[in-house]
Amino acid sequence: MSDLILSLKTELRRGTLTLAVLSQLQEPQYGYSLVQRLEENNIMIDQSTLYPLLRRLEKQELLTSQWDTSENRPRKYYLLSEFGKEMFEELKQEWFQTSMQLNSMLEGGDSK
Amino acid sequence: MNLQECYINEVTRRLPVKIRDDIAMELRSIIEDMLPDEHTEEDLKKVLSKLGDPAKLANEYQDKPRYIIGPDFYDSYINVLIVAAIISVVVSSLALFVHGIMTFDEDKSLFALLSLVGQLSLKMLLSSFNVLFQVFFWVTIVFIVLERTGLSYEKGQNKKKPWTPDDLYQVEKVEKKRQIPKSEVFFSLFWTALWATILFNASNLIGWYEQTGEGLKGLKLEAPLFNQDVLYSYAPFLILLIAIEIGLAIYKFFIGKWTKALAVINMVYHFFSLGLLCVMLTDSTLFNKAFTLKLFEAFKDVPAGWWIGTIISTMVIFSIIDIISGFNKAAAKTNITNLQIK
Numbered sequence: 122m123s124d125l126i127l128s129l130k131t132e133l134r135r136g137t138l139t140l141a142v143l144s145q146l147q148e149p150q151y152g153y154s155l156v157q158r159l160e161e162n163n164i165m166i167d168q169s170t171l172y173p174l175l176r177r178l179e180k181q182e183l184l185t186s187q188w189d190t191s192e193n194r195p196r197k198y199y200l201l202s203e204f205g206k207e208m209f210e211e212l213k214q215e216w217f218q219t220s221m222q223l224n225s226m227l228e229g230g231d232s233k
Numbered sequence: 117m118n119l120q121e122c123y124i125n126e127v128t129r130r131l132p133v134k135i136r137d138d139i140a141m142e143l144r145s146i147i148e149d150m151l152p153d154e155h156t157e158e159d160l161k162k163v164l165s166k167l168g169d170p171a172k173l174a175n176e177y178q179d180k181p182r183y184i185i186g187p188d189f190y191d192s193y194i195n196v197l198i199v200a201a202i203i204s205v206v207v208s209s210l211a212l213f214v215h216g217i218m219t220f221d222e223d224k225s226l227f228a229l230l231s232l233v234g235q236l237s238l239k240m241l242l243s244s245f246n247v248l249f250q251v252f253f254w255v256t257i258v259f260i261v262l263e264r265t266g267l268s269y270e271k272g273q274n275k276k277k278p279w280t281p282d283d284l285y286q287v288e289k290v291e292k293k294r295q296i297p298k299s300e301v302f303f304s305l306f307w308t309a310l311w312a313t314i315l316f317n318a319s320n321l322i323g324w325y326e327q328t329g330e331g332l333k334g335l336k337l338e339a340p341l342f343n344q345d346v347l348y349s350y351a352p353f354l355i356l357l358i359a360i361e362i363g364l365a366i367y368k369f370f371i372g373k374w375t376k377a378l379a380v381i382n383m384v385y386h387f388f389s390l391g392l393l394c395v396m397l398t399d400s401t402l403f404n405k406a407f408t409l410k411l412f413e414a415f416k417d418v419p420a421g422w423w424i425g426t427i428i429s430t431m432v433i434f435s436i437i438d439i440i441s442g443f444n445k446a447a448a449k450t451n452i453t454n455l456q457i458k
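First to last, the protein sequences are chains A and B.
Those letters in the first sequence? Residues 122 to 233, by our numbering.
Those letters in the second sequence? Residues 117 to 458, by our numbering.
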């Protein structure tokens, strides 16, 4: 039973993670700084999901990436591309709409 | 190698070479970011456990599907497997059965009959197992290739134009004119099994019979039709023909209706079998001298080439009829070509 609720929750959250990640990449971020920013906002994301997700988004050309080797530790920075910004805006609108509809349907359901 | 490099290696060795270095570098910086400045092995272990199982992480990095046969193909895979299994078991058992009956001695005692039945059943069972494994192996291979190359009939259809309920009318109309009855497929498989068995046992079966006693028992094979050695030298071609016939029947079974592609394949098959027939019939070494002598003795008025000519022209006529009917049926409605598997 608890397995089921876990998998249902994961499924429910899966799409929102992309939105959360995109929202934090208006400025360049490297992997770990992104994790911290998400955690500050109480978005818990499995790190083994996040890093591959970044690569997929880059492959879909929503993100661009760049290695910064100027510091003593090389870091890969990710940033929203122009295309990514457009997609983010659309996804954001979609989210607002969906959550509004769902909230009103669930009648004052949890609107965190 | 330290624990960190060990972990990175565990991830990257599961990835394509192309992206290995980049991911290794990224993982290295991620892990180091997560570690406090002065860290112990315990800290490292904590960090690595946060990243989780390297195999799982590597899977996340892989874009490739993590299945052999995906949902697009699963249904047809199972269907093909079931049907192919049934067909092949039936055909192989049939071939064994025919062979067993034909090589059965005149010995009519009950014991001999029972032992024949027992042997045959055992043979059929074993060959069925063998055949099932073969079918499973080959069908799976074919579907893996289909899956990997993305040759999906459903996908292909979607690309052309979206489905509308109107398509259903066309499907229904087409079915009637172009349908291939399943019985036809089974009959052709049966036919293949039959001629193949008879041909490969020809030295005991076909030839000049003479009545030397009473009834069936007195029928004696005086001269076989073929020289066995020469006949066997044709075996590769005959086996190829059998394979083509079986393949064609199975293909017919699955698409269930005549298409242009099927008509073309059917034509190629006929050309091949006619070609083989002509070569074999005009090969005088194939026929047993004793048989030809008996034949000419019995039918003195018939010229030598007549037999061969008659057989070939009969086969040519039947083949032409079948080829034309194939194309006709395929053309019954031509605008539904998107339903066929290319």
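By construction, the Cβ of each residue, glycine as well, lies at the ideal position given by its N, Cα and C atoms.
{"Asked": "Could you have a look at D137(B) and say whether DSSP puts it in helix, strand or coil?", "Found": "helix"}
{"Asked": "Determine which residues of the stretch 134 to 145 of chain B have a Cβ less than 7 angstroms from any Cβ of chain A, and write them out in chain order.", "Found": "M141, E142, S145"}
{"Asked": "Select from the stretch 193 to 204 of chain A all residues with a C-beta closer than 7 angstroms to any C-beta belonging to chain B, and list them in chain order.", "Found": "R194, P195, R196, K197"}
{"Asked": "Here's the rule I'm using: 16 or more other beta-carbon atoms within 10 Å means buried, otherwise exposed. How should E228(A) be labelled?", "Found": "exposed"}
{"Asked": "From L262(B) to S192(B), what distance separates their C-alpha atoms?", "Found": "11 angstroms"}
{"Asked": "Counting only C-beta atoms, is Q168(A) closer than 8 angstroms to chain B at any point?", "Found": "yes"}
{"Asked": "With DSSP collapsed to three states, give me the class of Y416(B).", "Found": "Before going on, a small fix: residue 416(B) reads as Lys here, not Tyr. Coil, per DSSP."}
{"Asked": "Note the first and the last residue of the continuous alpha helix (DSSP H) segment covering D153(B).", "Found": "It is not in any alpha helix (DSSP H) - D153(B) carries neither H nor E in the DSSP assignment."}
{"Asked": "Closer than 8 angstroms is the cut-off here; do at least three beta carbon pairs connect the stretch 398 to 406 of chain B with the stretch 342 to 361 of chain B?", "Found": "yes"}
{"Asked": "Answer with buried or exposed for A359(B), where buried requires no fewer than 16 other C-beta atoms within 10 angstroms of its C-beta.", "Found": "exposed"}
{"Asked": "Check S225(B) in the structure and name its three-state DSSP category.", "Found": "coil"}
{"Asked": "With distances taken from CA atoms, which of P195(A), S128(A), S186(A) is nearest Q147(A)?", "Found": "S186(A)"}
{"Asked": "Leaving out the 5 sequence neighbours to the left and right, which residues in its chain are closer than 7 angstroms to H215(B) when beta-carbon positions are compared?", "Found": "T313, N317"}
{"Asked": "Along the stretch 173 to 192 of chain A, what residues have a CB closer than 7 angstroms to any CB found in chain B?", "Found": "P173, R176"}
{"Asked": "Closer than 8 angstroms, CB to CB, is D149(B) near chain A or not?", "Found": "yes"}
{"Asked": "Thinking A430(B) and E361(B) are a contact (beta carbons under 8 angstroms), I'd like their distance in whole angstroms, please.", "Found": "Note on residue identity: the sequence assigns Thr, not Ala, to residue 430(B). Wrong, their Cβ atoms sit about 19 angstroms apart, outside the cutoff."}
{"Asked": "Starting from S144(A), follow the alpha helix (DSSP H) in both directions and report where the run begins and ends.", "Found": "123 to 144"}
{"Asked": "Counting beta carbon pairs with one atom in the stretch 118 to 131 of chain B and one in the stretch 164 to 179 of chain B, are three or more of them shorter than 8 angstroms?", "Found": "yes"}
{"Asked": "What in chain B is Cβ-close to G152(A), meaning under 8 angstroms?", "Found": "E142, S145, I146, D149"}
{"Asked": "Buried or exposed for I203(B), going by 16 or more other Cβ atoms inside 10 Å?", "Found": "buried"}
{"Asked": "Taking 8 angstroms as the cut-off, decide whether the C-beta atoms of L155(A) and L212(A) are in contact.", "Found": "no"}
{"Asked": "Skipping 5 residues on each side, what residues in its chain have a beta carbon closer than 7 angstroms to that of Q344(B)?", "Found": "S319"}
{"Asked": "Determine the burial state of I184(B): buried for a count of at least 16 other Cβ atoms within 10 Å of its Cβ, exposed for fewer.", "Found": "exposed"}
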